[in-house]
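Chemist:
Protein chains: 2
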Amino acid sequence: MKVDTVIVGAGTAGLSALREVRRYTDDFVLVNDGHWGTTCAAVGCMPSKTLIEAANACHRRHDFDEFGIRGAEAVRADIPAVLARVRKMRDGFVKGPEAVPEKLGERAISGRARLLGPGRLDVNGDQIEARAIILAPGSRPVLPGPWRAFGDRILTTDSLFEQVDLPRRIAVIGMGAIGVEIAQALARLGLDVAGFDAVAGLAGIDDNEVLAAFRPLIEAEIALHLGGPAELEDVGGAIRVTGAGGSFEADAVLAAVGRQPNIDDLGLDTLGVPLDDKGMPEIDPATLRVGDLPIFLIGDANGYRPLLHEAADEGHIAGRMAAPGATGTGLCRRTALSIVFSSPQVARVGPPLSELGATQIVSGSADFSKQARARIARTAAGVLRIHAERETGRLLAAEMCVPAAEHLAHLMSLAIEARMTVADMLAMPFYHPVLEEGLRGALRDVAKGVASAGGSDLSDCKAIGHDALD
Amino acid sequence: MKVDTVIVGAGTAGLSALREVRRYTDDFVLVNDGHWGTTCAAVGCMPSKTLIEAANACHRRHDFDEFGIRGAEAVRADIPAVLARVRKMRDGFVKGPEAVPEKLGERAISGRARLLGPGRLDVNGDQIEARAIILAPGSRPVLPGPWRAFGDRILTTDSLFEQVDLPRRIAVIGMGAIGVEIAQALARLGLDVAGFDAVAGLAGIDDNEVLAAFRPLIEAEIALHLGGPAELEDVGGAIRVTGAGGSFEADAVLAAVGRQPNIDDLGLDTLGVPLDDKGMPEIDPATLRVGDLPIFLIGDANGYRPLLHEAADEGHIAGRMAAPGATGTGLCRRTALSIVFSSPQVARVGPPLSELGATQIVSGSADFSKQARARIARTAAGVLRIHAERETGRLLAAEMCVPAAEHLAHLMSLAIEARMTVADMLAMPFYHPVLEEGLRGALRDVAKGVASAGGSDLSDCKAIGHDALD
């Protein structure tokens, strides 16, 4: 078979690429291995957010008495019912991608694709030649080999949401974004949860001041064993997990030690480009191109920014760069944004603090443990830090563990993407009482250290251009 | 007594002015009538948000079963306990302003100020002469005279939070921002609530499409009688309130028909400037100056934008413009922003749609009743509308009734304040799954109608300036 373009993978990146490819050709095939659908909808963002929503609703009962709400003593999570809703919601979210093969007809091929060289692939034993190849094979949870001996007592995000029920004691190994989200949710649903990680970090937080604020908040809900490798041992039906500072007997273990790109069997070694020790070629994030070839590696599979919105952008970029005659140096990537849906939420906008040159920046912070609106809601906790260029006040980055961080992080993202200064951002209205006032506190803190800071948020008024008040 | 500057009123506007006045003089007095403190902390934003928070927490029990949470049958609000927490929180929030008189010593005067003419005031029978006068006497709830006959069964926001308990049936007259917030909160706490308004509006919504989406959501929780004046009648201990479409027998009535500026007895008529039929002089919002006099009328008292953040800005502006030798045409006001803390929340950014010239604008909308993240949270409802200049795509205004509108409205405020276009805003990252993706849907809808819209959110990349992916 000979086609203009092959897309490998029908996840977020592949389907986003498909949209662009169709702008320039109908002569394409989409090859997908296994279930047609996105990681996000099937086993990622959507089921985890559904679990977290139920967990947070259930956890709220602990605030009821203080609010003046009585009768919550009998409130408890019915784990099978919670998981059933997760699957019900998920089944709705996966419907779109599941319908793709039918819509594409012969241009959709179920099977595993393997590169045979530039412009050539093997799919189900057939050879496909193509002018352009867009590779979006996705990623899968890492599961260390020895742990497989524990059979179905070892869960990953691929299997967790398929469980009809969960046992009482769960160890979560890996306290990155996914580990923290799920561990806290399971604890809030009434399970006994312990979290383990080889390093002394949580939720991918880079800024130590943010981590210092976040850790005790998580530790109040989950036993944490951070900073040493976790060892698993079978002890009479239970799994004893031993890590930094102690051990925990679990009925099941969730492995949340990361996801790995599905490139092992992709044939990248046939392309004649240098590969690193993990078999990964170097890729320009503005073009997603492998070397100078009309071959693109996008989405989770390139390990660059394994997030849905980035996968969608990468599909968009690759689909454009794959067009016949496409020129240019690619499309600029958006401001980096990551959000962890814990309580409080964790978010980072822009580069991590550790990658900012400390001498040129000025930082400001806001303590949300006393923030007025959050105190009203009994969610007051955490810290928000903002970093700007010392000379100009231009906003560079922010990291936070605060209530509604998902919203405050979008606000910071807009400001940073638009290359605003602290003063630009302080010119916006801040309503009262809102969590954004906490963010304003951090901005004002930054402003104190900016060389060019002025004395008022408001600009001088032109002689015309404002209304009379009548 | 002769001083450089007199400030009348120790609320948000007055205390904000005080901060600026102290930059240029110590020769001032602050005169305050009644309780020292802000409307916001004592009887406004803070107690109402505390009530709403408890009400929403209690209401959440109706979602428990769908989430898989059992045992909520006995959950109920203990009204005296809810109100006790409101007062406890409020007592914390009012502490700051209450400490002002002690800190200012002789420069704080308790009493009612009345202008005797430009540069002259009467306070407690003493005359004060001043170079500059900043008037921030605040506002009070409107209470129609005939309703006073019902005694303490007629509540306002001044008395509501002082109640030890509340009777079962409450009529709320006036379905503006405050009326809708309190009526919904009381209904969610288990009381029987009916809402009345002379006009067929809700929560100050201007855009009829937003109102059409909002009304059924409120009507599902509260009986509404909109579009006709409310008549009160004593019927054997109860108050029968009759309005559009029917009547309701109430044990108490909350009058929420607006707030009126405290200018009736201020002596503005002695200044020799024109007053309208309500006794209000014309005031330039950029200077807050009364005529050409060194006299400023700020905060709720001028009726321009009776909101805390605006009162703070007005104090700031007046304090700067009152300084000896101050020149210039004033300070530009921020983008208008209003938020109603109902469920879903209502918000408006920029001018109301009815004040935008319809021929020059393009509008986009997003239906939040199907928004994915909101469906997960069982909060999916409402609509968000964005308006931009047709020719340039510059964002002008937005109005919405959606979950977390308080956050989406701040995002829109930053974009509008910074004079961004739709394309500028679409360049920011939108995480997944978040409510901001709903807002992006409305932006994309706007972009379709913008003359200059392009095909990608992402900009062409410069040959340098992006990182290689390794």
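Read top to bottom, the protein sequences are chains R and B. Heads up, the first sequence is in our numbering, so the first residue is 1 and it goes up one at a time. Heads up, the second sequence is in our numbering, so the first residue is 1001 and it goes up one at a time. Think of the CB as a built atom: it goes at the ideal place given N, C-alpha and C, for glycine as much as any other residue. Please read these numbers as outputs of a predicted model, since none were measured by experiment.
1. Examine chain B for any beta-carbon lying closer than 7 Å to the beta-carbon of VAL82 of chain R, and answer yes or no.
2. Can you give me the C-alpha to C-alpha distance between VAL1434 of chain B and LEU271 of chain R, rounded to a whole angstrom?
3. Which word fits ASN32 of chain R, buried or exposed, when buried means at least 16 other C-beta atoms lie within 10 angstroms of its C-beta?
4. Check the C-beta distance from ALA57 of chain R over to ARG1060 of chain B and give it rounded, since I have them as a contact under 8 Å.
5. State yes or no: is the beta carbon of GLU1417 of chain B nearer than 7 Å to at least one beta carbon in chain R?
6. Please report the straight-line C-alpha distance between GLU389 of chain R and HIS432 of chain R, rounded to a whole angstrom.
7. When you compare the CB positions of THR1335 of chain B and GLU1417 of chain B, do they come within less than 7 Å of one another, or not?
8. Between LYS49 of chain R and chain B, is the shortest Cβ-Cβ distance under 7 Å, so that the two count as touching?
9. Please return the same chain residues whose Cβ sits closer than 6 Å to the Cβ of ASP1277 of chain B, not counting the five positions on each side in sequence.
10. For HIS407 of chain R, which three-state DSSP category applies?
11. Identify the residues that DSSP records as bridge partners of LYS1002 of chain B: which are they?
12. Could you check the C-alpha separation between ASP1197 of chain B and VAL1257 of chain B for me, to the nearest Å?
13. Can you check DSSP and say which residues form a bridge with PHE296 of chain R?
14. For the stretch 231–281 of chain R, list the alpha helix (DSSP H) runs that are entirely contained and at least 4 residues long, ordered along the chain.
15. Answer with yes or no whether the minimum CB distance from ALA468 of chain R to chain B is below 7 Å.
16. Which residues of chain R have a Cβ atom closer than 9 Å to the Cβ of ASP1367 of chain B, listed in chain order?
17. Could you tell me how far apart the beta carbons of THR50 of chain R and ILE1376 of chain B are, in whole angstroms, since I believe they sit closer than 8 Å?
18. Figure out for me which residue from B:GLY1014, B:ALA1054 and B:ASP1234 has the closest Cα to the Cα of VAL1082 of chain B.
19. With a threshold of 7 Å between beta-carbons, can TYR1024 of chain B be considered close to chain R, or not?
20. Let me know if VAL253 of chain R comes out buried or exposed under the rule of 16 or more other beta-carbons within 10 Å of its beta-carbon.
21. Let's test the definition: count the other Cβ atoms within 10 Å of the Cβ of MET1 of chain R and tell me whether it reaches 16, buried, or not, exposed.
22. Buried or exposed for PRO1216 of chain B, please, with buried defined as at least 16 other CB atoms from any protein chain shown within 10 angstroms of its CB.
23. Report the CB separation of MET400 of chain R from ARG385 of chain R in whole angstroms; it is logged as a contact under 8 Å.
24. My understanding is that ALA397 of chain R touches LEU353 of chain R, with C-beta atoms under 8 Å, so please give their C-beta distance in whole angstroms.
25. Answer with yes or no whether the minimum CB distance from THR421 of chain R to chain B is below 7 Å.
26. I'd like to know whether the C-beta of PRO1429 of chain B is nearer than 7 Å to at least one C-beta of chain R.
27. Tell me whether GLU1102 of chain B is buried or exposed, calling it buried when 16 or more other Cβ atoms sit within 10 Å of its Cβ.
28. Indicate the three-state DSSP secondary structure (helix, strand or coil) for ASP1089 of chain B in the structure shown.
29. Going along chain R, which residues have a C-beta under 7 Å from PRO1433 of chain B?
30. Please list, in chain order, all residues of the same chain as GLY267 of chain R whose beta carbon is under 6 Å from its beta carbon, the five residues on each side excluded.
31. Does the beta carbon of ASP1292 of chain B sit closer than 7 Å to a beta carbon anywhere in chain R?
32. Counting C-beta neighbours from all protein chains within 10 Å, is the total for SER1016 of chain B 16 or more, i.e. buried, or is it exposed?
33. Which of the three DSSP states, helix, strand or coil, is assigned to GLY1228 of chain B?
34. Determine the closest residue to MET89 of chain R out of B:ALA1077, B:GLU1098, B:GLY1068 and B:GLU1073, with distance taken between C-alpha atoms.
35. Determine contact between the stretch 337–346 of chain R and the stretch 205–221 of chain R, defined as no fewer than three beta-carbon pairs at a distance below 8 Å.
36. Spell out the partners DSSP gives HIS1387 of chain B in its beta bridges.
Modeler: Let's see:
1. Taking Cβ atoms only, chain B reaches closer than 7 Å to VAL82 of chain R, which makes this a yes.
2. When rounded, the distance between both Cα atoms is 39 Å.
3. With 16 or more neighbouring CB atoms inside 10 Å of its own CB, ASN32 of chain R falls in the buried class.
4. Right, their Cβ atoms sit about 6 Å apart.
5. The C-beta of GLU1417 of chain B comes closer than 7 Å to at least one C-beta of chain R.
6. C-alpha separation (whole angstroms): 29 Å.
7. Between THR1335 of chain B and GLU1417 of chain B, the CB-CB gap stays under 7 Å.
8. With 7 Å as the cut-off, LYS49 of chain R counts as an interface residue toward chain B.
9. Residues of the same chain with a CB within less than 6 Å of the CB of ASP1277 of chain B, apart from the 5 flanking positions on each side, do not exist.
10. Reduced to three states, the DSSP call for HIS407 of chain R is helix.
11. Note: LYS1002 of chain B is bridge-paired with B:GLU1129 in the DSSP secondary-structure output.
12. Rounded to the nearest angstrom, the two C-alpha atoms are 8 Å apart.
13. Answer is R:ILE134 and R:ARG289, bridged to PHE296 of chain R.
14. List check, alpha helix (DSSP H) in window: nothing returned.
15. With a pLDDT of 42 at ALA468 of chain R, under the threshold of 50, the modelled position of this residue cannot be trusted, and the question is left open.
16. None at all; the shortest Cβ gap to chain R is about 16 Å.
17. Contact between THR50 of chain R and ILE1376 of chain B holds: CB atoms are separated by about 5 Å, below the 8 Å threshold.
18. The candidate whose alpha carbon is nearest that of VAL1082 of chain B is B:ALA1054.
19. Answer no: the Cβ-Cβ gap between TYR1024 of chain B and chain R never drops below 7 Å.
20. Classification of VAL253 of chain R: buried, given that the 10 Å Cβ count is 16 or more.
21. In summary, MET1 of chain R is exposed, with fewer than 16 beta-carbon neighbours lying within 10 Å of its beta-carbon over all protein chains present.
22. So PRO1216 of chain B ends up on the exposed side.
23. Going by Cβ atoms, the distance from MET400 of chain R to ARG385 of chain R rounds to 7 Å, so yes, they are a contact pair.
24. Confirmed, about 7 Å.
25. No, because no Cβ of chain B sits closer than 7 Å to the Cβ of THR421 of chain R.
26. Yes, PRO1429 of chain B counts as interfacial toward chain R.
27. GLU1102 of chain B comes out exposed.
28. Checking the sequence shown, residue 1089 of chain B turns out to be Met, not Asp. Correct three-state label for MET1089 of chain B: helix.
29. Neighbours of PRO1433 of chain B on chain R, chain order: CYS45, MET46 and LYS49.
30. ARG114 and LEU115, listed in sequence order.
31. No, because no Cβ of chain R sits closer than 7 Å to the Cβ of ASP1292 of chain B.
32. Around the beta carbon of SER1016 of chain B, 16 or more other beta carbons sit within 10 angstroms, so the residue counts as buried.
33. When DSSP states are grouped into helix, strand and coil, GLY1228 of chain B belongs to the coil group.
34. The candidate whose alpha carbon is nearest that of MET89 of chain R is B:GLY1068.
35. By the criterion of at least three beta-carbon pairs nearer than 8 Å, the stretch 337–346 of chain R is in contact with the stretch 205–221 of chain R.
36. Its beta-bridge partners are B:SER1363 and B:ALA1397.
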